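Below is one structure; the comments refer to it alone.
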Amino acid sequence: MKKTRSDISPWARFADRVLTEAISASAATSSKKGEPSRIAELLEDLRGNPQPDLDAARKDLQSGIQDTPFMILAENAGLSAEELETLALCVAVEADVRRQRLVGWLHDDPAATRISLDLLGRLLGKQHPGAITVGAGSGLSRAALLDVDSTGPWGARAIRIEPAVMWALAGEARPDPELPNPTRFEVAAESADAQYPLVFVTGPDRARRRRAAGTRLAADHVLVVPPETLETAWRAAVREATLRGAGICIEATDDLPAVARHWIEHAAHIPWAVTSEHEIAITALPDRAWREFHASGDQADDGEWSSAFGADIDRLGHRLSPEQLERAAEIATRSDRDLHGAVRRLSSGPIDRLARRVRPRRGWDDLVLDDDRRRHLEELVARYRNSETVYDRWGFPSVPSSGLIALFSGDPGTGKTLSAEVVAGELGLDLFVVDLATVVSKYIGETEKNLEEVFDAAAIGNQVLFFDEADSLFGRRTEVSDARDRYANLEVSYLLQRLEIFGGLVVLATNLVSNIDPAFMRRIDVAIDYALPESDERRRLWEISFPVGAPLSDDVDLDELAVRYKIAGGSIRKASLYAAFLAAEDNVPISTELISIALEREYKKLGRLRPGN
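So the sequence shown is numbered by my numbering: it starts at 166 and just counts up by one.
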């Protein structure tokens, strides 16, 4: 409802006429000796207003409230003329202490200041249905605009107008504090399909389900609520929707609660939508005719990106679902973050306990590979970068998903981890290095639970997942000889299923490719085998291992180091760093002697003899 000051004169005049007649009739037949002076004063006050007869007051009520918040409320609730009179009378009494004192006098109880079921019938006359207008089947009850006491003699039970109704008629636009939490208000998109009073929408993405419901529901605005179980929360939702002339969209996570089904059946004046990831059991559906629709689970399209961040937004490699995009836009707005910062914040939480987030800082210049392996990496980047075009725009089937699985195999230190970082950086994504020590649990089901958290978090923005020593997690399934084998095989089967539906990039790194389960190997999209670098590659590795500012002694011959020591790039980097610390301790340049000492340590770690030793 618009935030305007309500003109209550029409229903005030109607209530005053009704109360005046009732007081006069009661005073004439009362056994009391005279009318109390205070009541006389109140009546005199009321008689100071224009006093049409009751029939004229009824006509005045109908004509005087046109285009007012009161009439809009009555139309939204689908009230009959008699229900409208009941509402006008109860609202007028609720709003004015003078009328409440008159009601107390009519009850012969000064404390009974609200109209009772018995008094309602006496006030509005024999031709008025009286208490029926506030019964369970009435429009006032269906819209939860009032409540009737549930205890005491039936005729003495008081009728109470809900405070939210009084606030709304007074011009207060804030939502009812009793609404389910969280509740959001959305403007429904204009559509020729917006004609249905009850729709069910299924699909994998919450935002797209909600949007599909809004375009088909016969309402301009929609109240989006969770599947609440409290009666008071549902009354508040129905009342708020009635006051605003809105529909209600229930975002179900399971079957509908019984109280939700009741209100969908009871409050038929409201357009309803129920959205759910899965179809709701037929036994849980309300006893009403409905239409059913499906919302696609495709990633956010150009229009959705433009709506969230503007037409010129650089997506930075992020492939978001509409729900993720919606949440990222909210974070960006509230925290003044850019898109990448919003996605990073969105994916934080449990994954930071189970994986190490790497913000890529190294690029192609830091990676020393032969032309063939480098070309394979570039093709991996290109394939992932263009997957949206191929799958979503060109229509190629993404079966079972549009994700990508890469296998990097080879000896330690040959560049597998660095390659994963470079790929992630080239795509503008973060790299999540999964900590197997934290993920793998001895307790049944815990490993799968941890992996689910990792995949769910990485799916936000489709960050790059990196599993080092993947053979320990993706190992071959074995013949079942005991319970331990059975549960280990279940973990592998779970991983297979989870990889198939992951829409991002997964990189598996292993030193023992033969140990990986064949079922995983069949699902590998890109496989790169890393070997020890050749002499010219080692020369380049030695060169980039020493920063420009490092004090390198003139006796260091990088060509000699490259030819003599046939080790991996990781070992070269470690030897360079160790030699630098030795030099810093002695405050001398990095010399061949110090590099030799560092290499001696590296060869010992590798279990090999240093050449020339």
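Positions of the beta carbon are idealized from the N, C-alpha and C atoms, including for glycine. Keep in mind the model is a prediction, meaning the values are calculated, not measured.
Quick test of your reading: residue i and residue j, contact by CB under 8 Å. State the CB separation rounded to the nearest angstrom.
i      : j      : result
GLU442 : THR394 : Not confirmed; about 19 Å, so no contact.
ARG688 : LEU664 : 6 Å
LEU363 : TRP470 : Their Cβ separation, rounded to whole angstroms, is 32 Å, which puts LEU363 and TRP470 out of contact at 8 Å.
PHE324 : VAL352 : The amino acid at residue 324 is misidentified as Phe; the sequence shows Ile. Actually they do not touch by this definition, with Cβ atoms about 35 Å apart.
ALA791 : ARG182 : The question about residue 791 has no answer here: the residues shown for the chain are numbered 166 through 778.
ASP312 : ARG322 : In fact, because the Cβ distance is near 10 Å, the residues do not count as touching under 8 Å.
LEU747 : ILE732 : 18 Å between Cβ atoms; not a contact.
VAL387 : GLY410 : Going by Cβ atoms, the distance from VAL387 to GLY410 rounds to 11 Å, so no, they are not a contact pair.
ALA744 : ILE755 : 5 Å
PHE179 : LEU254 : 7 Å
GLY568 : GLY669 : 6 Å
HIS293 : GLU259 : Wrong, their Cβ atoms sit about 19 Å apart, outside the cutoff.
Figure out for me which residue from the options has the closest Cα to the Cα of residue i.
i      : options                        : result
GLY575 : PRO698, SER303, ASP466, PRO565 : PRO698
MET686 : PHE573, HIS505, LEU774         : PHE573
VAL523 : ARG484, ASP503, ARG548, SER584 : SER584
TRP319 : ARG339, PRO340, ALA296, LEU630 : ALA296
PHE774 : ARG729, THR397, ILE496, ILE755 : Before going further, note that residue 774 is Leu rather than Phe in the sequence given. For LEU774, the nearest C-alpha among the options comes from ARG729.
TRP332 : SER191, ARG499, PHE597, PRO234 : PRO234
ALA257 : ILE280, LEU244, SER245         : ILE280
SER189 : ALA177, TRP176, ARG287, GLU247 : ARG287
How many angstroms separate the CA atom of residue i from the CA atom of residue j?
i      : j      : result
LEU545 : VAL691 : 7 Å
ASP701 : GLU767 : 20 Å
ASP621 : SER512 : 9 Å
SER679 : GLY626 : 32 Å
GLU118 : ASP595 : Because the chain spans 166 through 778 in this model, residue 118 falls outside it and cannot be assessed.
ALA377 : PRO328 : 33 Å
ARG375 : ALA446 : 20 Å
GLY593 : ARG510 : 15 Å
PHE365 : PRO345 : 20 Å
LYS581 : TYR695 : 7 Å
ARG540 : VAL753 : 41 Å
ASP283 : ALA187 : 13 Å
PRO487 : ARG548 : 22 Å
GLU491 : LEU485 : 9 Å
PHE667 : LEU771 : 37 Å
VAL619 : LEU504 : 21 Å
ASP391 : ARG371 : Strictly speaking, residue 391 in this sequence is Pro, with Asp absent from that position. PRO391 and ARG371: Cα-Cα distance of roughly 12 Å.
LEU638 : SER741 : 33 Å
ILE760 : SER566 : 49 Å
LEU238 : GLU405 : 11 Å
PRO275 : ASP261 : 15 Å
TRP428 : THR675 : 57 Å
ILE570 : THR440 : 33 Å
ALA727 : LYS607 : 45 Å
GLU708 : THR603 : 36 Å
GLU765 : PHE561 : 54 Å
ALA623 : GLY735 : 27 Å
VAL564 : VAL629 : 20 Å
ASP265 : LEU450 : Note on identity: in this sequence residue 265 is Gln, with Asp being the wrong assignment. GLN265 and LEU450: Cα-Cα distance of roughly 44 Å.
GLU457 : ALA425 : 18 Å
PHE350 : VAL389 : 6 Å
How far does the alpha helix (DSSP H) with residue i in it extend, from its first residue to its last?
i      : result
ASP536 : 536-550
THR582 : 581-592
GLU240 : 234-242
LEU706 : 700-710
HIS427 : 423-431
ASP467 : 467-474
TYR743 : 734-751
Could you spell out the range, first to last residue, of the beta strand (DSSP E) harbouring residue i?
i      : result
SER606 : No beta strand (DSSP E) holds SER606; DSSP gives it neither H nor E.
ASP781 : The first residue shown for the chain is 166 and the last is 778, placing residue 781 beyond what the model contains.
ILE415 : 412-416
HIS459 : 456-459
ARG782 : What the structure shows of the chain is the stretch from 166 to 778, and residue 782 is not part of that stretch, so it cannot be assessed.
SER441 : 437-441
SER574 : 569-575
THR675 : 670-675
THR407 : Not the beta strand (DSSP E): THR407 falls in the alpha helix (DSSP H), residues 396-409.
Using a threshold of 8 Å, is the CB atom of residue i nearer than that to any non-hydrogen atom of the ligand SAH?
i      : result
VAL390 : The ligand SAH is absent from the structure shown, which contains no ligands of any kind.
Should the region 380-389 be called in touch with the region 469-480, which here means at least 3 C-beta pairs below 8 Å?
no
Are three or more beta carbon pairs between the region 604-619 and the region 707-727 nearer than 8 Å?
Contact between the region 604-619 and the region 707-727 is absent, because fewer than three Cβ pairs lie under 8 Å.
Taking contact to mean at least 3 C-beta pairs separated by less than 8 Å, is the region 586-605 in contact with the region 552-570?
no
Across the region 305-321 and the region 423-436, are there enough close Cβ pairs to call them in contact, namely three or more that are closer than 8 Å?
A contact is defined here as three or more CB-CB pairs under 8 Å, and the region 305-321 meets this definition with respect to the region 423-436.
Touching by the beta-carbon criterion (3+ pairs, under 8 Å), the region 225-233 and the region 387-405
no
Report yes or no: do three or more beta-carbon pairs, one from the region 658-677 and one from the region 506-517, lie closer than 8 Å?
no
Decide yes or no for the touch test of the region 261-273 against the region 456-469: beta carbon pairs closer than 8 Å, at least 3 of them.
no
How about the region 631-641 and the region 525-544: do they share at least three Cβ pairs that are nearer than 8 Å?
no
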